[in-house]
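Here the sequence shown stands for residues 16 to 132, where the numbers follow this note's numbering.
Here a beta-carbon is modelled for each residue, glycine too, at the ideal position from N, C-alpha and C.
Here the structure is a predicted model, which is why all the values come from computation and not from measurement.
First comes the structure, then the notes that go with it.
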Amino acid sequence: KRKKSVQDRTQEEAIRLIQDIVQAAFEAGPRAGPARTLQAYFAITRTIQDFLPQPGKSAEVFSTPVALRKLFERLGATYIKLGQFVASSPTLFPNEYVVEFQKCLDKTEPLEWEIIK
16 KRKKSVQDRT
26 QEEAIRLIQD
36 IVQAAFEAGP
46 RAGPARTLQA
56 YFAITRTIQD
66 FLPQPGKSAE
76 VFSTPVALRK
86 LFERLGATYI
96 KLGQFVASSP
106 TLFPNEYVVE
116 FQKCLDKTEP
126 LEWEIIK
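If you want it as structure tokens, here you go:
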């Protein structure tokens, strides 16, 4: 049996993470915040759509770090902060994730203080 590559492992981890997020959203139920659950659902759906072929466009090559960064950006400020932590922790995370999540440091729109509070 061949040893799994980092890409194999990270794709499996991403799939498990997405499954965990979806399961947590369903288990939380409607009282835990239907708007947030709906936001998470749409963020996941839109992220998956980025990697599907569309008429007139070639499909983006699947990359777990890219998919997670896009998902974090769509989930909002808390997840962007988590992505910034990944970007600034090269000893804790694989290089592909650190490099990709650096985009959360460089290209994230500023938020007004009232929104952050």
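**OP:** Please report the Cβ distance between V81 and E115, rounded to the nearest whole angstrom; I am assuming they are in contact, meaning their Cβ atoms lie under 8 angstroms.
**Re:** 6 angstroms
- Straight-line Cα distance separating P70 from V101: 34 angstroms
Check: Could you give the distance in angstroms between the alpha-carbon of Y56 and the alpha-carbon of D65?
Finding: 14 angstroms
Exercise for the section: Report yes if the CB atom of V37 is closer than 9 angstroms to the CB atom of I59, and no otherwise. Expected result: yes
Just how far apart, CA to CA, sit A43 and I63? 22 angstroms
Starting from E88, trace the alpha helix (DSSP H) in both directions and tell me its first and last residue. 79 to 90
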